[in-house]
Every structure is written in C-alpha cells, then in structure tokens.
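Student:
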Amino acid sequence: AHLALYRRYWSHDEENILCSQGSIASCLANLGRHDESLVLKREVFAGYKALHGVSHEETIRIGYNVTLSMNRLGLRDEAKSLARDQLLPAALTLGADHDLTLKLNQTLAVTLANNPDRTRDDLL
C-alpha cells in the first residue's frame with residue numbers, strides 16, 4: 093500500500109519509491125522468496141544507478157546486497173561480475189579501508205572460493 097501511494101501521489105519522488113521497493117525486497121527475502129526478492133533488488137539497484145550514479149555510497153551498498161542475494165541463489169558468475177564492477181567505484185569513492193569496500197572484497201573472495209568452475213586466473 094505504501095508503494096502504491098508513492099507511485100500515485102508522489103511519482104516524482106523516485107528515491108522514496110526505490111526505498112519502498114527495497115523494503116518489499118527485504119520482506120520477500122525474509123519470507124524465503126529469494127528469487128522474487130532478487131528481481132526487485134535488481135530494479136532498485138538500476139534505479140539508484142540512474143538516479144545517483146555508480147559511485148554513490150547507497151548505490152554501492154545496494155549493489156553489495158544484490159551480490160549477496162546472487163550468491164545465496166547460486167548465481168556465482170553474476171555475483172563475481174557485479175562484485176568486481178563495484179570494487180573500483182567503492183575503493184575510489186569510499187576508500188580501500190571503508191567497511192563497504194572490505195565487505196565487497198570479502199564477498200568476491202567467498203564467491204570465487206565457492207565456485208567450482210573457478211580458474212587460477214580468477215583467484216589471482
């Protein structure tokens with residue numbers, strides 16, 4: 093209902109609409125509906141990239157959450173690609189020692205370690 097109200101009366105307020113969609117995605121994940129949650133998270137991520145750009149902290153945070161969801165669903169190649177794409181903007185914008193940058197590095201490492209199709213070049 094909250095999202096419907098935003099879309100109807102405040103359609104110009106994209107950030108609040110994206111925030112509401114993110115909340116719904118979290119609820120779906122908590123209910124075990126991870127596939128549906130990932131679809132919404134991807135939409136929110138695309139919306140934040142369009143609204144704020146790839147180097148915005150919230151965009152990076154949402155990209156990190158999408159990567160975690162992909163890993164949970166076994167989409168390791170997509171998770172690896174997204175984590176790698178997010179690392180450079182995270183390091184440049186937030187710094188190499190920022191918590192979110194470190195979490196992205198850890199997620200990439202776990203993704204590679206758990207991928208049975210990994211190559212030696214992936215690990216280096």
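In this text, residue positions in the sequence shown follow this note's numbering: the first is 93, and each later residue adds one.
Beta carbons are placed, not taken as given, at the ideal position from N, Cα and C, and that holds for glycine.
Computed from a prediction, not measured in an experiment: that's the story for all the values here.
Using the beta-carbon count (16 or more within 10 Å), is Asn122 buried or exposed?
Tutor: exposed
Student: Could you give the residue range of the alpha helix (DSSP H) that holds Leu217?
Tutor: No answer is possible for residue 217: the residues shown for the chain start at 93 and end at 216.
Student: Cβ-heavy atom distance between Asn163 and the ligand MG below 7 Å?
Tutor: You won't find the ligand MG in this model; it holds no ligand whatsoever.
Student: Does the beta-carbon of Gly114 have 16 or more other beta-carbons within 10 angstroms, so that it is buried, or is it exposed?
Tutor: buried
Student: Are the CB atoms of Leu179 and Asn207 nearer to each other than 8 Å?
Tutor: no
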